[in-house]
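Okay, so the sequence shown: first residue is 2 according to this note's numbering, each after it adds one.
From the three backbone atoms N, C-alpha and C, an ideal C-beta is built for every residue, glycine too.
Step one of this worksheet: look at the structure below.
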Amino acid sequence: MARRTKEDAQATRSHILDTAELVFEAHGVAGTSLQDIARAAGLTRGAIYWHFKDKADLFNAMMERATMPLEEAGDVCGRVTADLSLGELRDGFVAVLRRVVADPQMKRVFAIATHKVEYIGELDAVRDRHLSVRNACVAEVERTLKQAMRRGELSRRMPARAAAIGLHALLDGLLQNWMLDPSAFNLVKVGGQTLDAYLSSLAVPQAVVT
């Protein structure tokens, strides 16, 4: 019976998070109350508070449940032990863009986190997580670019840190603009072309990415 109760509680928690994603997407985070989520989920507000202490706690749980595109981009560098070539880095990032297009939950949560939340008041802690993800991604990309420099694959005319920040900004900008209007351009195709141009501008002539 205890096991069943635990399973029921987990199912309820997942249902609340599923519902919160949809309500946040429709009305924004600031415009949504816990009562709104409870009503949409067919639950009482007390049931929400049993699982989450406040809206910020619920929002953070929703974010932690989903992998964000730039977290995955950082993982492209962080999960490998061997040196990553510029071509492999490029292919890994294109795979991230491809997953964003194909994964409705990742797309929905990223859209909420970038376009439908204000980092003020009770949600100020969410900004800290956003910065943590950004900094981790930039650090992993910087490490990979430094390895490419040591191999002679990447020019040293731009510091690895600056190149990593630029690459992060490129990916983040592509994602955010595509989220505003997915019909405006093909994220995977244009993303690949843009990455090729950026990485080729950094590479030494014999290491141009193709």
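By the Cβ neighbour-count rule, Ala-161 is buried, with 16 or more other Cβ atoms within 10 Å of its own. If you check the CB distance, Phe-60 and Val-30 come in under 8 Å. Between Ala-126 and Ala-57, the CB-CB gap stays under 8 Å. Leu-85 carries a coil assignment under DSSP once its states are collapsed to helix, strand and coil. When secondary structure is reduced to three states using DSSP, Ala-185 falls in the coil class, being assigned neither helix nor strand. Sequence-distant Cβ neighbours of Val-24 in its own chain, meaning closer than 8 Å and more than five residues away, are Thr-33, Asp-37, Ile-38 and Ala-41. With respect to Arg-91, Leu-175 sits apart: the two C-beta atoms are not nearer than 8 Å. Of the candidates Val-102, Glu-89, Ala-48 and Glu-8, Val-102 places its Cα closest to the Cα of Pro-183. Your pair Ala-112 and Met-159 does not check out as a contact, with CB atoms roughly 32 Å apart and the cut at 8 Å. By the beta-carbon neighbour count (other beta carbons within 10 angstroms, threshold 16), Lys-190 is exposed. In terms of Cα proximity to Leu-18, the closest of Ala-165, Glu-65, Ser-133 and Lys-108 is Glu-65.
Taking C-beta separations shorter than 7 Å and ignoring five residues to either side along the sequence, the partners of Ala-165 in its chain run Val-139, Val-142, Glu-143 and Leu-146, following chain order. CA-to-CA, the gap between Arg-151 and Gln-194 works out to about 26 Å. Inclusion of Leu-155 and Leu-87 in the CB contact set at 8 Å is warranted, their separation being smaller than that value.
In the DSSP assignment, Ala-204 is bridged to Leu-155. Taking a C-beta distance under 8 Å as the contact criterion, Leu-196 and Val-95 qualify as a contact pair. CA-to-CA, the gap between Glu-8 and Ala-67 works out to about 20 Å.
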